[in-house]
Every structure is written in structure tokens, then in C-alpha cells.
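Keeping their order, the protein sequence lines are chains A and B. Numbers -13 to 371, taken from the numbering used here, label the letters of the first sequence in order. Numbers 544 to 613, taken from the numbering used here, label the letters of the second sequence in order. Cβ atoms here follow ideal geometry from the backbone N, Cα and C, with glycine treated the same way.
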Amino acid sequence: MDLRPIFSFKKIQSIAFSAVFISMMVFSATAQVHEPVEEPSVTSSEMNAPHEEKEEDISQTILHHIADSHEWHFWGHGEHKVALPLPVLLWTNNGLVSFMSNKHDGNDHGTELFEEKGQQLVNFHGKYYYPAQAKNHHGAYVELDENSVPTNAKPLDISITKNVVSLFISVILLILIFGSVAKAYAKRQGKAPKGLQSLLEPIILFVRDDIAKPQLGHRYAAFMPYLLTVFFFVWLNNLMGLIPFFPGGANLTGNISVTMMLALCTFILTTINGNKNYWGHVFTPHVPWWLYPLMIPVEIIGLFTKPIALMIRLFANITAGHILILSLISLIFILKSVLVAGIAIPFVIFISVIELVVGFIQAFIFTILSALFIGMAVEEHAAEH
Amino acid sequence: MITGSIAGIGAGLAAIGAGIGIGQIGGKAMEGMARQPEAAGRIQTAMLIAAAFVEAVALFGVVVAFLGTK
């Protein structure tokens, strides 16, 4: 990773930046060490279960950790659970139904029905379904297909879930930070940056000089707001996802819906900004005419694969990082020895530090590829072949 | 008896391919930087972009392995 453009500013600025970066590393590393404290309650109850089932439980636990949820879980299980309940909003056959998630989460195995606004619903593994006609052989009001996925009809779920709350928090943070920085620029025009402003200016200039200008040329200014927004949004959420407790810990950029919306924004920008040359390249490529039936479909598919690759790249990178960290912690419980912690925890810290770098690189890659795709769409003259 | 999903083998194969690809990119970028240190910044940016494209293939493998384990 090329950090030189960031660090080659005034010495004091680079010291401030690296101090924040290193403190984040240390913070995340120490925070990660505490994570096993949360885990034993999950796995110790499973100690009596057969071996295969236990391993299945660990992968279930990991997938549960990275998934979205209707509550913000802190620690503990069953009776001793400490969690922040979040509002559930369901658009059912009888209209909008709303309740707090702790009202009906006592039984999430689908064995009990509850009624809201005259509409019977069932909670199965944290998701809400319309109940099936009869109980299945597990006593639950759900019909499962061969992969144990319920096939029941579902109300439209527009709840404020953990990821949505995390999104709100990061958006408020971004507005506060950049609102104050923008105000500082208006007030201190022509003067040296100060405080938060001098922390962020090198990064903003990095986005402008190393991402926008090389890809977009002289038209960069029109796309700077989008590129800066997407860069800081992805970066902040990547870092927040690495904090294992409350304000962080939601796997937001590792959620495919979020990355899909981000990629869709890039796709819309490239599509509406595409000029004559861009569309000419798609519909009349520079090939002999008899190749058109082959080339035009390929070019049209190419329009869609670019944002899809953008979506999958961010999603899979962040999700894989989270799974890696949780798997290394789970090694302690798989091998049933505290001594493994001596190897696993340093390794977890090492991977966490790498994930901090990956969080930055993925924000950078997402932004530079967005700039690249937009740059291809707004290019004045078609590239020579 | 070792049990598991064959999707895991597929993910491993994808990782081999991406490993060779990223190794090539990194190695050639180093060579380029050693020859022309003044172009290091631009080479590094181009290297990261190319590495991201190669890495995406391995990540598709990971995603397929996820879907396959269900």
C-alpha cells in the first residue's frame, strides 16, 4: 500500500495520522483479545454434545456473528442475555406491524405463535414468518426444505436491524465529522488547516490526487463528492466492523445488500454519464461486422459484470476477514485446550492488524474502480486499439 | 474418515490460481519499481488495481464455497 502521499505532508500532520492509525490497531488488538470471554458461554453448553454437532455449532456461531440481526447482542445467552432490543417493522397482510424485538424473542424455534394486529406470526431463528398450517416433526410452525431453510411465506421485513442502526451511527459520525471540517474550511479560508481538518485534509487530497485525477482527468471535480463519500463510508464502516463491541461490530460492508447498493450507485453514475464513445464502444465495437452478434452481447454483459464484481469484492473481502478472525478464536474451542490460545490469540491480533490494512485497501479499491469505470464512460475520445 | 464439502477443494483451487496471479503481479511490480524507482507510486496503484481484479476470482471461489457448504 502506498502511504507516501499521505505521510509526505507536513510532519505534524503525518504524526497525528499515524498516531490515530496505530492507536486504532492497538485498540482493535486489545479489544479482540476480550472476545473469547464472550465465547465460552456459547460453546461450554455444547460440550456434552457429540463431536460433529459441536463443530457444526461453531460454524453456526460464526455465521450468526457476521449475520444481520433484530437485536444488538452484547454477551450471555438465554436467561443471562444482555442485548439491545431493536424495533421490528413488518408489512403484513393486515398492514404495518411494529414491536420491539425483545417482545417475542423468548422462543425463536418457531414452536409458539404470537399475534400482532390480528395477524399470527412465528419467530424462527430470528426471522419472522407467517405460520404453517400444522407443526412439523420438530414442533415448529414452519415448513423446511431439504436445506433446513423455511419455505413459509414472509411478511415484508423493513425493521431497524443491527446493520441499519450501525448504518445510522456511521452516517451521523460522517455528517458530524465532515460538517465540522467543511465549516472550518469556510471559516478559515486561506489559512492553514487546524484540528480535525488537518487530520482529514491529507486523506481528502489523497482521494483527489491519487484516485480521481489519474482516472477522470480534468473532469474529476464533478465526481469528487461521490468518490469522497464512498471512500469514507466504506472505510469508516470497515473499521467499525472490526470493533468487536457496541458502536461497532455490525458487519455492514460485509453485507451483500449494502455493497450492492454502493455498486448500484456506481452503475447508475456510469450509465447516466456515458457519452457517445462509451455507448458506441458497446453497440458498434471496432471489430468486423460479422462479429457483432458475438461482441455486442459480450459488451452488454460487461456493463453489468463490472458493478457485480465491485459488489462481490467488497462483500467477500470483509466477510472473509471476519470469518477468519472468528475461526481462529474458535480454534480454542475446537481443540478444547486453553493452551491453543497462546498461538491463536497472537495470530488473531496479527490478522486484525492485517484487516485494518485490508479495510483501507478495500475502500481505496472500491473508490478507484468506481473512478475507473466512470472515467471509461466519460472519456472524450475512444481508446485506440 | 475425513468428511467435508467438495466446494472447499474448489475454493482451494481458486486460491492457487489467484496466488499465482497476485504473485506474478507483485513480482513484476517490484521489478518495475527497482528499475524505475521514480515511477513507484504509479506502479503501486496499477498493481493494486490489477491485484484486486485477480483477487476477485478467488473471492468468487470463496462465495461459491459458502453457498456449497449449506
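Checklist entry - Do the CB positions of S152 (chain A) and M226 (chain A) come within less than 8 Å of each other? => result For the purposes of this step, residue 152 (chain A) is taken as residue 166 along the first sequence, with counting starting at 1. For the purposes of this step, residue 226 (chain A) is taken as residue 240 along the first sequence, with counting starting at 1. The answer is yes: Cβ separation under 8 Å.
Checklist entry - Which value, in whole angstroms, describes the spacing of the CA atoms of A558 (chain B) and Q567 (chain B)? => result For the purposes of this step, residue 558 (chain B) is taken as the residue at position 15 of the second sequence. For the purposes of this step, residue 567 (chain B) is taken as the residue at position 24 of the second sequence. Roughly 14 Å separates the two Cα atoms.
Checklist entry - the segment 345 to 370 of chain A: which residues have C-beta closer than 8 Å to a C-beta of chain B, in chain order? => result Listed in sequence order: I347, F350, I351, I354, L355, L358.
Item to check | S156 (chain A) beta carbon less than 8 Å from that of L222 (chain A) | outcome: Taking the first residue of the first sequence as 1, we reach residue 222 (chain A) at position 236. Taking the first residue of the first sequence as 1, we reach residue 156 (chain A) at position 170. Yes, these two residues count as a Cβ contact at 8 Å.
Checklist entry - Whose C-beta lies closer than 7 Å to the C-beta of V83 (chain A) among residues of the same chain, with five residues either side of it excluded? => result As a working mapping, residue 83 (chain A) is identified with position 97 in the first sequence. If we look at V83 (chain A) and ignore the five residues flanking it on each side, its Cβ neighbours are L76, E102, K103, Q105.
Next on the checklist: So, at 7 Å on beta carbons, what are the nonlocal neighbours of G112 (chain A) in its own chain, with the 5 sequence-adjacent residues on each side left out?
Outcome noted: Within the first sequence, numbered from 1, the residue matching residue 112 (chain A) stands at position 126. S55, H56, D94.
Item to check | Under 7 Å (Cβ pairs) to chain B, residues found in the segment 297 to 315 of chain A | outcome: From the segment 297 to 315 of chain A, only I298, R299, A302, N303, A306 have a Cβ closer than 7 Å to chain B.
Item to check | Residue range of the beta strand (DSSP E) that includes P73 (chain A) | outcome: Along the first sequence, one-based indexing puts residue 73 (chain A) at 87. Note, P73 (chain A): beta strand (DSSP E), 73 to 78.
Next on the checklist: For V308 (chain A) and G345 (chain A), I'd like the C-alpha separation in whole angstroms.
Outcome noted: Counting from one through the first sequence, the residue named residue 308 (chain A) turns up at place 322. Counting from one through the first sequence, the residue named residue 345 (chain A) turns up at place 359. What sits at residue 308 (chain A) in the sequence shown is His, not Val. Cα atoms of H308 (chain A) and G345 (chain A): separation of roughly 11 Å, rounded to the nearest angstrom.
Checklist entry - In terms of residue numbering, what span does the beta strand (DSSP E) encompassing W58 (chain A) cover? => result Residue numbering aside, residue 58 (chain A) sits at position 72 when the first sequence is read from its first letter. Where W58 (chain A) is concerned, the enclosing beta strand (DSSP E) stretches over 57 to 61.
Checklist entry - Closest by CA to D195 (chain A), which one among A:I354, A:Q175, A:A295, A:A118? => result Stepping through the first sequence from its first residue, residue 195 (chain A) is reached at position 209. Looking at A:I354, A:Q175, A:A295, A:A118, the one whose alpha-carbon comes closest to that of D195 (chain A) is A:I354.
Checklist entry - Considering F110 (chain A), what are the terminal residues of the beta strand (DSSP E) in which it resides? => result Position 124 of the first sequence, counted from the start, is the residue given in the question as residue 110 (chain A). It spans 105 to 110 - the beta strand (DSSP E) in which F110 (chain A) sits, taken as one unbroken run.
Next on the checklist: Which residue marks the beginning of the beta strand (DSSP E) containing V83 (chain A), and which one marks its end?
Outcome noted: Translated into positions along the first sequence, residue 83 (chain A) becomes position 97. From DSSP, the beta strand (DSSP E) with V83 (chain A) extends over 81 to 86.
Item to check | Residues near A593 (chain B) by beta carbon distance below 7 Å, same chain, minus five either side | outcome: On the second sequence, position 50 is the one that residue 593 (chain B) refers to. Cβ within range, chain order: I568.
Checklist entry - Which class does F100 (chain A) belong to by DSSP, given the choice of helix, strand or coil? => result Looking up residue 100 (chain A) in the first sequence gives position 114. Under the three-state reduction of DSSP output, F100 (chain A) falls in the strand class.
Checklist entry - At a Cβ cut of 8 Å, what residues of the segment 177 to 207 of chain A count as close to chain B, listed as they run along the chain? => result Answer set for the segment 177 to 207 of chain A: D196, P200.
Item to check | Residue-chain proximity (V597 (chain B), chain A), Cβ-Cβ < 8 Å | outcome: Along the second sequence, one-based indexing puts residue 597 (chain B) at 54. No, its Cβ sits nowhere closer than 8 Å to a Cβ of chain A.
Checklist entry - By Cβ distance below 7 Å, which residues in the same chain neighbour A583 (chain B) in space, the five residues on each side in sequence not counted? => result Counted from its first residue, the second sequence places residue 583 (chain B) at position 40. For A583 (chain B), where only same-chain residues beyond five positions count, the Cβ hits under 7 Å are M576.
Next on the checklist: Can you tell me whether P332 (chain A) is helix, strand or coil according to DSSP?
Outcome noted: As a first step, residue 332 (chain A) must be located in the first sequence, where it is residue number 346. Note: P332 (chain A) maps to helix in three-state DSSP.
Item to check | Residue burial classification, F60 (chain A) (beta-carbon count within 10 angstroms, cutoff 16) | outcome: Counted from its first residue, the first sequence places residue 60 (chain A) at position 74. F60 (chain A) should be labelled exposed.
Item to check | Candidates A:A208, A:A302, A:G96, A:V244, of which the one nearest N259 (chain A) by Cα | outcome: Working through the first sequence from its first residue, we reach residue 259 (chain A) at position 273. Per the Cα distances, A:A208.
Checklist entry - Do the CB positions of A357 (chain A) and A198 (chain A) come within less than 8 Å of each other? => result Locating residue 357 (chain A) in the first sequence gives position 371, where the first residue counts as 1. Locating residue 198 (chain A) in the first sequence gives position 212, where the first residue counts as 1. It is a contact, given that the beta carbons lie within the stated cut-off.
Item to check | Sub-8 Å separation of A572 (chain B) and Q587 (chain B) beta-carbons | outcome: Taking the first residue of the second sequence as 1, we reach residue 572 (chain B) at position 29. Taking the first residue of the second sequence as 1, we reach residue 587 (chain B) at position 44. In this structure, Q587 (chain B) lies closer than 8 Å to A572 (chain B) by Cβ.
Item to check | Test: L591 (chain B) CB closer than 8 Å to a CB of chain A | outcome: By 1-based counting over the second sequence, the position of residue 591 (chain B) is 48. Yes - at least one Cβ of chain A is within 8 Å of the one on L591 (chain B).
Checklist entry - Just to confirm, are V244 (chain A) and F352 (chain A) a CB contact at a threshold of 8 Å? => result On the first sequence, position 258 is the one that residue 244 (chain A) refers to. On the first sequence, position 366 is the one that residue 352 (chain A) refers to. No, the Cβ-Cβ distance between V244 (chain A) and F352 (chain A) is not below 8 Å.
Item to check | Pairwise C-alpha distance: M210 (chain A) and L49 (chain A) | outcome: Position 63 of the first sequence, counted from the first residue, corresponds to residue 49 (chain A). Position 224 of the first sequence, counted from the first residue, corresponds to residue 210 (chain A). So the alpha carbons of these two residues sit roughly 36 Å apart.
Checklist entry - Beta-carbon of A236 (chain A) versus every beta-carbon of chain B: anything under 8 Å? => result For this step, residue 236 (chain A) is matched to residue 250 along the first sequence. No, no contact with chain B.
Next on the checklist: Quick check: what's the CA-CA separation for E366 (chain A) versus R174 (chain A)?
Outcome noted: Position 380 of the first sequence, counting from 1, holds the residue named residue 366 (chain A). Position 188 of the first sequence, counting from 1, holds the residue named residue 174 (chain A). Taking the straight line from one Cα to the other gives about 37 Å.
Next on the checklist: Tell me the rounded alpha-carbon separation between G553 (chain B) and G604 (chain B).
Outcome noted: What you label residue 553 (chain B) is simply residue 10 of the second sequence in a count that begins at 1. What you label residue 604 (chain B) is simply residue 61 of the second sequence in a count that begins at 1. One C-alpha to the other measures close to 7 Å.
Checklist entry - For the segment 172 to 187 of chain A against the segment 138 to 152 of chain A, are there 3 or more C-beta pairs whose distance is under 8 Å? => result Verdict: no, contact absent.
Checklist entry - For a contact meaning CB atoms closer than 7 Å, what does A295 (chain A) contact in chain B? => result The residue you call residue 295 (chain A) lines up with position 309 of the first sequence. Within 7 Å Cβ-Cβ: A599.
Item to check | Burial state of P136 (chain A) (16 or more Cβ within 10 Å) | outcome: Walking along the first sequence from the start, residue 136 (chain A) turns up at place 150. In the assembly as shown, P136 (chain A) is a buried residue. Its beta-carbon has 16 or more other beta-carbons within 10 Å.
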